[in-house]
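Q: Dropping the structure in here first, questions after.
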Amino acid sequence: MKGKILVAGGTGYIGSHTTVELQKAGYEVVIIDDLSNSNLEVLDGIEKITGVRPAFYKWDLKDLEGTRKILQEQPGIDGVILFAASKAVGESVKLPLKYYRNNLTTVINMLELMPEFNMKGIVFSSSCTVYGQPDPQYLPVTEEAPIKPALSPYGNTKQINEEIIQDTIHAGAPFKSIILRYFNPIGAHPSAEIGELPNGVPQNLVPYLTQTAMGIRKELSVFGDDYNTPDGSCIRDYINIVDLAKAHVIAMDRMLENKSDQKVEIFNLGTGHGVSVLELVRTFEKATGVKVPHKIVGRREGDIEKVWANPEKANKVLGWKAEVSLADTLESAWKWQLHLREKGIQ
Ligand code: UD1
Numbered sequence: 001m002k003g004k005i006l007v008a009g010g011t012g013y014i015g016s017h018t019t020v021e022l023q024k025a026g027y028e029v030v031i032i033d034d035l036s037n038s039n040l041e042v043l044d045g046i047e048k049i050t051g052v053r054p055a056f057y058k059w060d061l062k063d064l065e066g067t068r069k070i071l072q073e074q075p076g077i078d079g080v081i082l083f084a085a086s087k088a089v090g091e092s093v094k095l096p097l098k099y100y101r102n103n104l105t106t107v108i109n110m111l112e113l114m115p116e117f118n119m120k121g122i123v124f125s126s127s128c129t130v131y132g133q134p135d136p137q138y139l140p141v142t143e144e145a146p147i148k149p150a151l152s153p154y155g156n157t158k159q160i161n162e163e164i165i166q167d168t169i170h171a172g173a174p175f176k177s178i179i180l181r182y183f184n185p186i187g188a189h190p191s192a193e194i195g196e197l198p199n200g201v202p203q204n205l206v207p208y209l210t211q212t213a214m215g216i217r218k219e220l221s222v223f224g225d226d227y228n229t230p231d232g233s234c235i236r237d238y239i240n241i242v243d244l245a246k247a248h249v250i251a252m253d254r255m256l257e258n259k260s261d262q263k264v265e266i267f268n269l270g271t272g273h274g275v276s277v278l279e280l281v282r283t284f285e286k287a288t289g290v291k292v293p294h295k296i297v298g299r300r301e302g303d304i305e306k307v308w309a310n311p312e313k314a315n316k317v318l319g320w321k322a323e324v325s326l327a328d329t330l331e332s333a334w335k336w337q338l339h340l341r342e343k344g345i346q
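Going by the working numbering, the first residue of the sequence shown is number 1, and it counts up by one from there.
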């Protein structure tokens with residue numbers, strides 16, 4: 001075994017894919033998840049892919065004492081990858097305290113427990129949302145682009161969490177951190193054993209699109225075609241979920257093997273290519289041969305016009321690069337939707 005990693009939020013979308021990649025790389029994984037936005041069947045999917053069922057604790061990380069007990073039961077954890085968080089932008093505007101309480105307490109508790117259990121590193125899930133709408137000279141976005149005032153409590157929790165981690169390490173905490181700023185993760189594991197399982201009506205583009213293609217939703221609303229972009233729809237950097245998961249393994253290796261002198265490092269994780277909503281719909285239809293009924297509607301409040309990554313730092317320093325094409329990624333999302341139908345889930 002390479003080491004033992006706690007994956008907080010490990011049954012969620014990014015957490016489950018990362019668990020698979022950690023296990024494939026030789027790590028032992030312990031998951032803590034309160035199942036507030038995931039379910040236990042995810043563990044079956046992970047086991048089908050890797051042959052190993054990770055240790056699992058259904059637990060809310062906001063409870064410091066109980067989390068401490070779990071860590072006492074699981075001695076020898078080397079590092080933590082912290083996904084566990086509430087992540088619906090719209091909900092965060094309506095329920096700000098839920099977001100501040102969940103997303104901040106979890107991080108504070110984990111940072112407090114890490115030295116007690118001699119953990120050497122924490123990988124933290126941040127988001128390109130911290131850049132807001134970058135000014136034109138900052139596109140594609142590097143890690144040096146200015147942080148903009150958050151547009152939602154969700155976005156604000158990401159900014160505050162980054163600061164909490166930096167301040168704690170600056171104050172001498174005996175561990176390292178790698179903060180990963182994700183662009184738009186999409187797709188599913190190619191085996192279709194794990195993928196994204198949104199609760200209720202999906203808010204994000206790709207799950208809504210695959211549900212529409214399946215006939216679960218009548219049509220996809222494209223939010224705006226009057227933006228200052230070539231076809232008028234918004235531009236994002238869509239990153240394959242398995243590619244994204246692999247970056248976490250590299251980040252953990254880097255901290256545990258002390259490959260860097262820096263105690264906190266920040267990396268953008270994206271492909272470096274901006275894709276519009278309409279381009280994505282066309283690419284999906286071409287890749288799968290399935291039509292997606294869609295109509296143009298008004299802009300969605302709070303949406304950013306265009307943002308995509310400059311991933312050079314991650315490419316050079318981590319030796320990580322997004323590899324899977326958009327077409328293959330969208331095909332994997334479709335395969336996952338078909339798998340959900342077979343299982344009678346959606
Ligand atoms: C949002 C958040 C991001 C967060 C991510 C995960 C902002 C600014 N960004 O990303 O921080 O990490 O969610 O939940 O809040 N679209 C449609 N029709 C739909 C759904 C989406 O046209 O039914 C369009 C959107 O206008 C957008 C693109 O698809 O241009 C992607 O939207 P979405 O998947 O919701 O992600 P973001 O808003 O980019």
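All C-beta atoms, glycine included, are put in the ideal place defined by N, C-alpha and C.
All figures in this text were calculated on a predicted structure; none of them were measured in a lab.
Taking all protein chains shown into account, do 16 or more other C-beta atoms lie within 10 angstroms of the C-beta of Ala145, making it buried, or fewer, making it exposed?
A: Along the sequence shown, one-based indexing puts residue 145 at 145. Burial call: buried.
Q: Does the segment 39-47 come into contact with the segment 61-74, if we say contact requires no fewer than three beta-carbon pairs (one atom in each stretch) closer than 8 Å?
A: The answer is no - the segment 61-74 does not touch the segment 39-47, with fewer than three Cβ pairs under 8 Å.
Q: Quick check on DSSP: helix, strand or coil for Arg236?
A: In the sequence shown, residue 236 corresponds to position 236, counting from 1. Note: Arg236 maps to strand in three-state DSSP.
Q: Can you look up Val307 in the DSSP assignment and give me helix, strand or coil?
A: Within the sequence shown, numbered from 1, the residue matching residue 307 stands at position 307. Here Val307 sits in coil by DSSP.
Q: Per DSSP, what are the beta-bridge partners of Arg181 in this structure?
A: Within the sequence shown, the letter at position 181 stands for residue 181. Arg181 is bridged to Ser126 and Asn268.
Q: Helix, strand or coil, according to DSSP, for Asp33 in the structure here?
A: Looking up residue 33 in the sequence shown gives position 33. Note: Asp33 maps to strand in three-state DSSP.
Q: Three-state secondary structure (DSSP) at Phe223?
A: Along the sequence shown, read from residue 1 onward, the residue named residue 223 stands at position 223. Phe223 falls in the strand class under three-state DSSP.
Q: Check whether the Cβ of Asn184 sits closer than 7 Å to any heavy atom of the ligand UD1, and report yes or no.
A: Counting from one through the sequence shown, the residue named residue 184 turns up at place 184. Yes, the beta carbon of Asn184 sits closer than 7 Å to at least one heavy atom of the ligand UD1.
Q: Indicate the three-state DSSP secondary structure (helix, strand or coil) for Lys343 in the structure shown.
A: Within the sequence shown, the letter at position 343 stands for residue 343. Correct three-state label for Lys343: coil.
Q: Are the Cβ atoms of Ser16 and Ile194 separated by less than 8 Å?
A: Sequence index remark: in the sequence shown, residue 16 carries index 16 (1-based). Sequence index remark: in the sequence shown, residue 194 carries index 194 (1-based). Yes; because the gap between Cβ atoms is below 8 Å, this pair is in contact.
Q: Which of the three DSSP states, helix, strand or coil, is assigned to Val93?
A: One-based indexing of the sequence shown puts residue 93 at position 93. Here Val93 sits in helix by DSSP.
Q: Straight-line CA distance for Tyr99 to Met119?
A: Here residue 99 refers to the residue found at position 99 when the sequence shown is read from its first residue. Here residue 119 refers to the residue found at position 119 when the sequence shown is read from its first residue. About 26 Å.
Q: For Lys335, count neighbouring Cβ atoms within 10 angstroms of its own Cβ and tell me buried if that reaches 16, exposed if not.
A: Here residue 335 refers to the residue found at position 335 of the sequence shown. With 16 or more other Cβ atoms within 10 Å, it is buried.
Q: Output yes or no for whether 8 Å exceeds the beta carbon distance between Val141 and Gln159.
A: Position 141 of the sequence shown, counting from 1, holds the residue named residue 141. Position 159 of the sequence shown, counting from 1, holds the residue named residue 159. Going by C-beta atoms, Val141 is not nearer than 8 Å to Gln159.
Q: Flag Ile304 as yes when its Cβ comes closer than 7 Å to any non-hydrogen atom of the ligand UD1, and as no otherwise.
A: As a first step, residue 304 must be located in the sequence shown, where it is residue number 304. The answer is yes for Ile304.
Q: Smallest Cα separation from Ala314: which of Asp243, Val281 and Asn161?
A: Sequence index remark: in the sequence shown, residue 314 carries index 314 (1-based). Among Asp243, Val281 and Asn161, the Cα nearest to that of Ala314 belongs to Asp243.
Q: Can you give the Cα-Cα distance for Ala327 and Lys286, rounded to whole angstroms?
A: Sequence index remark: in the sequence shown, residue 327 carries index 327 (1-based). Sequence index remark: in the sequence shown, residue 286 carries index 286 (1-based). Each residue's alpha carbon lies about 8 Å from the other.
Q: Is it buried or exposed for Asp231, if we count other Cβ within 10 angstroms and need 16 for buried?
A: Locating residue 231 in the sequence shown gives position 231, where the first residue counts as 1. Answer is exposed; the Cβ neighbour count stays below 16.
Q: What are the boundary residues of the beta strand (DSSP E) that Leu256 is part of?
A: As a first step, residue 256 is located in the sequence shown; it is residue number 256 there, counting from the start. That residue, Leu256, is in no beta strand (DSSP E); its alpha helix (DSSP H) goes Ile241 to Leu256.
Q: Would you check whether the ligand UD1 has a heavy atom nearer than 7 Å to the C-beta of Thr117?
A: Here residue 117 is taken as the residue at index 117 of the sequence shown, counted from 1. First, the residue type needs correcting, since residue 117 is Phe and not Thr in the sequence shown. Checking the Cβ of Phe117 against the ligand UD1 gives no.
Q: For a quick check, are the C-beta atoms of Gly187 and Arg236 less than 8 Å apart?
A: Position 187 of the sequence shown, counted from the first residue, corresponds to residue 187. Position 236 of the sequence shown, counted from the first residue, corresponds to residue 236. No, the Cβ-Cβ distance between Gly187 and Arg236 is not below 8 Å.
Q: Who are the Cβ neighbours of His294 in its own chain at under 7 Å, not counting the five residues just before and after it?
A: Along the sequence shown, one-based indexing puts residue 294 at 294. These residues qualify, in order along the chain: Glu219, Leu220, Val222 and Val281.
Q: According to DSSP, what are the bridge partners of Ala8?
A: Along the sequence shown, one-based indexing puts residue 8 at 8. Looking at the DSSP assignment, Ala8 forms a beta bridge with Ile32 and Leu82.
Q: Between which two residues does the beta strand (DSSP E) carrying Val297 extend?
A: What you label residue 297 is simply residue 297 of the sequence shown in a count that begins at 1. From DSSP, the beta strand (DSSP E) with Val297 extends over His294 to Val297.
Q: Check whether the Cβ atoms of Gly302 and Ser152 sit closer than 8 Å, and answer yes or no.
A: Counting from one through the sequence shown, the residue named residue 302 turns up at place 302. Counting from one through the sequence shown, the residue named residue 152 turns up at place 152. For Gly302 and Ser152, yes; Cβs fall inside 8 Å.
Q: Measure the CB-CB distance between Phe124 and Ser177 and report whether it falls below 8 Å.
A: Counting from one through the sequence shown, the residue named residue 124 turns up at place 124. Counting from one through the sequence shown, the residue named residue 177 turns up at place 177. Yes, the pair counts as a contact, with Cβ atoms nearer than the cut-off.
Q: Using only the alpha-carbon positions, how far apart do Asp33 and Thr271 sit?
A: What you label residue 33 is simply residue 33 of the sequence shown in a count that begins at 1. What you label residue 271 is simply residue 271 of the sequence shown in a count that begins at 1. C-alpha separation (whole angstroms): 29 Å.
Q: So, do the segment 261-271 and the segment 166-184 have three or more beta carbon pairs nearer to each other than 8 Å?
A: Because the criterion of three Cβ pairs below 8 Å is met, the segment 261-271 and the segment 166-184 touch.
Q: If you measure from the CB of Val277, is any heavy atom of the ligand UD1 nearer than 7 Å?
A: On the sequence shown, position 277 is the one that residue 277 refers to. For the ligand UD1, at least one heavy atom lies less than 7 Å from the Cβ of Val277.
Q: Along the beta strand (DSSP E) that carries Ala55, what are the first and last residues, could you check?
A: As a working note, residue 55 is residue 55 in the sequence shown. Residues Ala55 to Lys58.
Q: Going by alpha carbons, who is nearest to Asp225 out of Gln337, Leu22 and Ile304?
A: Here residue 225 refers to the residue found at position 225 when the sequence shown is read from its first residue. With distances taken between Cα atoms, Asp225 lies closest to Ile304.
Q: Rounded to a whole number of angstroms, what is the C-alpha to C-alpha distance between Gly79 and Gly289?
A: Here the question's residue 79 lines up with position 79 in the sequence shown. Here the question's residue 289 lines up with position 289 in the sequence shown. Their Cα atoms are separated by approximately 43 Å.
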